[in-house]
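Enquirer:
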Amino acid sequence: MAVTGDSGPVPTEQNVTAIGIKPRHQRQVSDVSMTSSVELSIPTVTNAKSPMRRCCLSCRQAMWSHKIWMGFTASTWGFLSSVERAVILPTLWLYLKGYWSLEAANMYYGITMAAFSLSILVMTPVYGWVSYAGVRVKTLLLVANFLEIIGNLIYLFAGSPLAVLFGRLVSGIGASCEPPLYADIARATNRDERTTYIIVLLLTRQIGLIFGPSFTLMMDKMDYHVANFTLSVYNGPGLLMAGLWFLHSLVIFVSYPNVDKNGRLVIQDGQSSLCGCCDRRYWIDTSSTSSDDLQSRLIDSKDAISNNRYLAQVRGGTLQAYRTYPILTLYAVTFATYFCFMSLEAALPPVANRIFGWSEVQTSYVYLAASILIILVVIVLRILNSFYTDRVLLLAGLIIMVASYVWLTVVVYLLPSLETTLGVTLLLVGIAIHVIGLPFAFAYSESLYTKLAPITDMDRAQSIFRTVLNVAFLIGPYVGGSLINTPTIVFLSMSIISMIPMLFVMYRFEDFNISERTGVPVDVDLEVAKDS
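Under our numbering, the residues of the sequence shown are numbered 12 to 543, in order.
#1: By the three-class DSSP mapping on this structure, what secondary structure does Leu242 have?
#2: Starting from Asp401 and walking both ways along the beta strand (DSSP E), at which residues does that stretch end?
#3: Let me know the secondary structure DSSP gives Asp195 once reduced to three states.
#4: Smallest Cα separation from Val377: which of Pro337, His445, Gly408?
#5: Around the Cβ of Leu309, are there at least 16 other Cβ atoms within 10 angstroms (buried) or fewer (exposed)?
#6: Thinking just about the alpha-carbon of each residue, which of Ala454, Ala332, Thr345 is nearest to the one in Val388?
#7: Thinking Ser375 and Pro224 are a contact (beta carbons under 8 Å), I'd like their distance in whole angstroms, please.
#8: Quick one: Cα of Asn524 to Cα of Ala363, how far?
#9: From Thr499, Ser474, Asn201, pick the residue whose C-alpha is nearest to that of Ala144; which is it?
#10: So the candidates are Ala126, Arg202, Tyr193; which of them puts its Cα closest to the Cα of Ser397?
#11: If I follow the unbroken alpha helix (DSSP H) through Val237, where does it start and stop?
#12: By how many angstroms is the C-alpha of Tyr138 removed from the C-alpha of Ile99?
#13: For Tyr193, which residues from the same chain have a beta carbon less than 6 Å from its beta carbon, with the 5 sequence-adjacent residues on both sides left out?
#14: In chain order, what are the residue ranges of uninterrupted alpha helix (DSSP H) at least 4 long that sit wholly in the region 128-211?
#15: What would DSSP say about Asn481, mapped onto helix, strand or coil?
#16: Just to check my reading of the structure: Gly170 and Ala126 have Cβ atoms closer than 8 Å, yes? What is that Cβ distance to the nearest angstrom?
#17: Pro512 and Val344 look like a contact to me (Cβ under 8 Å); what is the Cβ gap, rounded to whole Å?
#18: Does the Cβ of Glu95 have 16 or more other Cβ atoms within 10 Å, making it buried, or fewer, making it exposed?
#19: So the candidates are Ser456, Met81, Ala238; which of them puts its Cα closest to the Cα of Thr340?
#20: Report the CB separation of Asn163 from Trp88 in whole angstroms; it is logged as a contact under 8 Å.
#21: I need the straight-line Cα distance from Met118 to Thr348, nearest angstrom please.
#22: Can the beta-carbon of Ile386 be found less than 8 Å from the beta-carbon of Gln217?
#23: Expressed to the nearest angstrom, what Euclidean distance is found between the alpha-carbon atoms of Val14 and Pro191?
#24: Using three-state DSSP, classify Asn524 as helix, strand or coil.
#25: Since Ala253 and Leu167 should fall inside the 8 Å C-beta cutoff, what is the C-beta to C-beta distance between them, to a whole number of angstroms?
#26: Taking 8 Å as the cut-off, does the region 229-241 touch the region 476-487 (at least 3 CB pairs, one atom from each stretch)?
#27: Our contact map puts Thr499 next to Val417 with C-beta atoms below 8 Å; I'd like the distance itself, whole angstroms only.
#28: Tell me which residues share the same chain as Phe226 and place their Cβ nearer than 7 Å to its Cβ, disregarding the 5 neighbours each side in the sequence.
#29: Give the single residue among Pro361, Ala443, Ala380 whose Cα lies nearest to the Cα of Ser415.
#30: Use the C-beta contact count for Asp303: other C-beta atoms within 10 angstroms, 16 or more gives buried, fewer gives exposed.
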């Protein structure tokens, strides 16, 4: 195995050291961004076509960058996950009721939903641990997609409600592969571009939630009979998702790159792609020198970070780095954000049905409008990201969320005494404020976390982060669904839960300033420059 470097003739390390320029493999991001006096003294040949040529070379390099392919794979992963959620959740109850009985639907609907969520909660840290142990992310993604395919095929051909439950359980195991995937993205990107990648991943997830109902409408008239098997809109999502996950597996196999623990591209030496796939090292990282290599490159650098900061960054055997005030606060932010998101999603349909007489059609319109609004907000975030820091935008999102839940608490309390038109308007305004604040908290809590957590221990870091997220996913619907008879308490609890991390961020706001953390010089980035 070898790590790719720059192509073309390069000066020898001895000559480079003699003139004061560091070899590329020893540079940090700050080194790449600064121009030395020696480099300025080297004459360059001007060419009228050079700007155009540089532009073409940059575009070609960007198109074939391994970071682009990793981002594409992660985006399509999130898109398909959202599509699966959007096509199966609305039809699961009718699937159990139509193919078996109302009693079966009442008995298995809840535990089938819980089985999917519980398997994700349990298996998320397992994927992170396996990746941390050396199994390459490409291998884990292919295994996860295989489990998704198997689970959806079981869902398609289920002969009993228990088989439906088992199919969703297997699919949940496959849907747990986010920690190593996001860890790869964090390792392969530098701090300046990582937030953009996270925003794009959030955007594609929301697009998937919009496309999901479209697929359901396409399958609405589907009714095919083969022997004793019936293919309809209720079990059709199993066939649809099995096919989509198979296509996604082909994309992973062909385009997803292997990178080491420092985010550098890894290729086979002197082997064709076909022969390389037969090499065990293509699927499992057998080397244990990534951290040692990073240590030598940082210590040899003149701009090396302080020894204490470095140890906190690369030491894999301790969890001390995850017990700092900013990290713990970001865990609280993540839990509060996803808890409130799931609680409102669980509480809105029954509350709107009881007070306004809404059916699932009106509720679906609200969800569709919310998804479109989130996409617009995400686009605005991409613009704001160029002018404001992550901590400012995160705090802004938390303030907006708290304001929305306080608004909804008051509105829901007053709804019985309000006219229907006014009540609906005020409720939708509160939901819109909630939707505007969510992307801020979603994107910038994760962006800050990837910049504060040890970059060389990102597998475990993402495992912990995703576990906190999944706990909120599990508890949120339970709380929101169990308190539907007292909706005021639901929104009041959301106000308090979101207010606590907001106060934590405000109390020690300076701790979330990436460039001014203790032990880190302002002009030094913590991460090694990634070759594109």
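Virtual Cβ for every residue (Gly too), placed ideally from N, Cα, C. Treat the numbers as computed from the prediction; the structure is a model and nothing was measured.
Expert: Let me spell this out:
#1: What you label residue 242 is simply residue 231 of the sequence shown in a count that begins at 1. The answer is strand: DSSP assigns Leu242 an E or B state.
#2: Translated into the one-based positions of the sequence shown, residue 401 becomes position 390. Counting along the chain, Asp401 falls outside any beta strand (DSSP E), though it belongs to the alpha helix (DSSP H) covering 401-425.
#3: Looking up residue 195 in the sequence shown gives position 184. Asp195 falls in the helix class under three-state DSSP.
#4: Residue 377 sits at position 366 when you count from the first residue of the sequence shown. Minimum Cα distance to Val377 is reached at His445.
#5: The residue you call residue 309 lines up with position 298 of the sequence shown. Low confidence applies here, because Leu309 scores a pLDDT of 39, under 50, leaving its location unreliable and the question unanswered by this model.
#6: As a first step, residue 388 is located in the sequence shown; it is residue number 377 there, counting from the start. For Val388, the nearest C-alpha among the options comes from Ala454.
#7: Taking the first residue of the sequence shown as position 1, residue 375 is located at position 364. Taking the first residue of the sequence shown as position 1, residue 224 is located at position 213. Going by Cβ atoms, the distance from Ser375 to Pro224 rounds to 7 Å, so yes, they are a contact pair.
#8: As a working note, residue 524 is residue 513 in the sequence shown. As a working note, residue 363 is residue 352 in the sequence shown. For Asn524 and Ala363, the distance between alpha carbons rounds to 42 Å.
#9: Counting from one through the sequence shown, the residue named residue 144 turns up at place 133. Looking at the Cα atoms, Ser474 is the closest of the given residues.
#10: One-based indexing of the sequence shown puts residue 397 at position 386. The option with the nearest alpha carbon to Ser397 is Arg202.
#11: On the sequence shown, position 226 is the one that residue 237 refers to. No alpha helix (DSSP H) holds Val237; the beta strand (DSSP E) holding it covers 234-237.
#12: Taking the first residue of the sequence shown as 1, we reach residue 99 at position 88. Taking the first residue of the sequence shown as 1, we reach residue 138 at position 127. Near 24 Å, if we compare the C-alpha coordinates of Tyr138 and Ile99.
#13: Counting from 1 along the sequence shown, the entry for residue 193 is found at position 182. Contacts found: Gln473.
#14: 148-167, 172-185, 189-199
#15: To locate residue 481, count along the sequence shown from 1; it is residue 470. Residue state, collapsed to three classes: helix.
#16: For this step, residue 170 is matched to residue 159 along the sequence shown. For this step, residue 126 is matched to residue 115 along the sequence shown. Incorrect: roughly 17 Å between the Cβ atoms, too far for contact.
#17: Within the sequence shown, the letter at position 501 stands for residue 512. Within the sequence shown, the letter at position 333 stands for residue 344. Yes, they are in contact, since the Cβ atoms of Pro512 and Val344 sit about 4 Å apart, within 8 Å.
#18: Position 84 of the sequence shown, counted from the first residue, corresponds to residue 95. Its Cβ being crowded by 16 or more others within 10 Å, Glu95 is buried.
#19: If you number the sequence shown from 1, residue 340 lands on position 329. Checking every option, the nearest Cα to that of Thr340 belongs to Ser456.
#20: Numbered from 1 along the sequence shown, position 152 holds the residue referred to as residue 163. Numbered from 1 along the sequence shown, position 77 holds the residue referred to as residue 88. Between Trp88 and Asn163 the Cβ distance is about 15 Å, and since that is not below 8 Å, they are no contact.
#21: By one-based count along the sequence shown, residue 118 stands at place 107. By one-based count along the sequence shown, residue 348 stands at place 337. Met118 and Thr348: Cα-Cα distance of roughly 30 Å.
#22: What you label residue 386 is simply residue 375 of the sequence shown in a count that begins at 1. What you label residue 217 is simply residue 206 of the sequence shown in a count that begins at 1. Against a cut-off of 8 Å, the Cβ pair of Gln217 and Ile386 comes out as a contact.
#23: In the sequence shown, residue 14 corresponds to position 3, counting from 1. In the sequence shown, residue 191 corresponds to position 180, counting from 1. For Val14, the pLDDT reaches just 46, beneath the cut-off of 50, and the residue's location in the model is therefore unreliable, leaving the point undetermined.
#24: Position 513 of the sequence shown holds residue 524. Of the three classes helix, strand and coil, the one that applies to Asn524 here is coil, per DSSP.
#25: Within the sequence shown, residue 253 is the residue found at index 242, counting from 1. Within the sequence shown, residue 167 is the residue found at index 156, counting from 1. Going by Cβ atoms, the distance from Ala253 to Leu167 rounds to 7 Å, so yes, they are a contact pair.
#26: no
#27: Taking the sequence shown and counting its residues from 1, the one referred to as residue 499 is at position 488. Taking the sequence shown and counting its residues from 1, the one referred to as residue 417 is at position 406. Not confirmed; about 12 Å, so no contact.
#28: Numbered from its first residue, the sequence shown carries residue 226 at position 215. Hits under 7 Å: Val94, Val98, Leu251.
#29: Start at 1 with the first residue of the sequence shown, and residue 415 comes out as number 404. Out of Pro361, Ala443, Ala380, Ala443 has the C-alpha closest to the C-alpha of Ser415.
#30: In the sequence shown, counting from the first residue as 1, residue 303 sits at position 292. Model confidence at Asp303 stands at a pLDDT of 46, short of 50, so the residue's coordinates are unreliable and nothing is read from them.
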